[in-house]
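> In my numbering, the protein residues as written are 182 to 433.
Ideal Cβ placement from N, Cα and C applies to all residues, glycine included.
If you're wondering where the values come from, they're calculated on a predicted model, not measured in any experiment.
I have a structure I would like to understand better, so I am pasting it below and will then ask my questions one at a time.
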Ligand code: GLN
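In structure tokens:
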């Protein structure tokens with residue numbers, strides 16, 4: 182397949198927790214194995230985003246300190262372009278701290294509330310540094326099957342009517358540890374999640390869902406050739422098995 186895709190990686194130096202950069206490596210490899218050339222531009226503080234130049238946009242997670250540094254820059258240099266890109270069907274994946282900053286607002290454990298970009302109709306509040314963080318392995322049910330990952334966040338995210346959950350929690354905390362939701366979807370092409378890990382290597386069907394959507398938008402209908410995902414599926418099944426064992430233990 183002769184095709185190419187262009188990805189904008191937002192703030193890789195400041196927002197890259199628990200292997201989030203692995204999502205880029207996974208997308209690059211899954212494209213390369215299919216003859217799709219994936220180019221990646223890294224956009225940091227002060228860099229502007231051209232909404233017409235990309236097919237995919239990725240933003241990883243970060244601690245409150247880095248989020249505070251990024252929040253203002255997001256609004257000043259990238260917010261308008263992000264809204265335009267998402268409205269025009271560019272595929273967006275934002276993980277944890279990135280997901281939070283692309284909502285309406287994020288109130289960190291301490292200090293001023295951070296205004297969000299408002300891509301996701303959702304808001305996040307961190308109850309305070311002394312309150313239990315949501316940490317651990319997570320298994321959720323997504324429309325395309327289960328997703329597995331690792332979460333570590335203090336913020337609790339609540340969805341408003343304009344957003345819908347990416348998935349429902351099978352094991353772990355998810356958005357807020359209360360309503361059973363995990364992540365958010367805005368339309369069909371903007372995905373927010375708390376799943377680090379990194380997310381995509383152990384969730385090949387979700388990775389291909391993102392690639393296929395980006396290809397369809399750029400090169401009209403394109404069928405993705407199947408890859409040998411035996412290793413990825415084994416890692417996925419291991420994580421699901423561990424969660425079931427933990428749930429079984431907890432239910433006794
Ligand atoms: N600092 C945010 C929180 O604690 C996000 C953390 C993260 O990206 N893992 O909720």
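Return the CA-CA distance between residue 304 and residue 426, expressed in angstroms with no decimal places.
Their backbone Cα atoms lie some 33 Å apart in a straight line.
> Can you list, in chain order, the residues of its chain with a C-beta nearer than 6 Å to that of residue 270? Leave out the 5 residues immediately preceding and following it.
Excluding sequence neighbours, residue 270 sits near 370 and 398.
> Residue range of the alpha helix (DSSP H) that residue 247 falls in?
First-last of the alpha helix (DSSP H) with residue 247: 245–254.
> Quick one: grab the DSSP three-state call for residue 258.
It is helical.
> Does the beta-carbon distance from residue 364 to residue 374 come in below 9 Å?
Yes. Within cutoff.
> Based on DSSP bridge pairs, tell me the residues matched to residue 239.
190 and 274, per the DSSP bridge assignment.
> Whole angstroms is fine: what's the gap from residue 227's alpha carbon to residue 423's?
Cα to Cα, the separation comes out at about 43 Å.
> In angstroms, rounded to a whole number, what distance separates the CA positions of residue 412 and residue 348?
The straight-line gap from Cα to Cα measures roughly 24 Å.
> In chain order, what residues of the same chain have a beta carbon less than 8 Å from the beta carbon of residue 353, not counting five sequence neighbours either side?
Same-chain partners within the cutoff: 315, 317, 318, 319, 320, 321, 332, 363 and 424.
> Using a Cβ distance threshold of 8 Å, determine whether the segment 222–241 contacts the segment 185–193, with at least three qualifying pairs required.
With a cut-off of 8 Å, the segment 185–193 and the segment 222–241 count as touching, because enough Cβ pairs lie within range.
> Would you say the segment 227–236 touches the segment 374–385, given that touching needs at least three Cβ pairs under 8 Å?
Too few Cβ pairs lie closer than 8 Å, so no.
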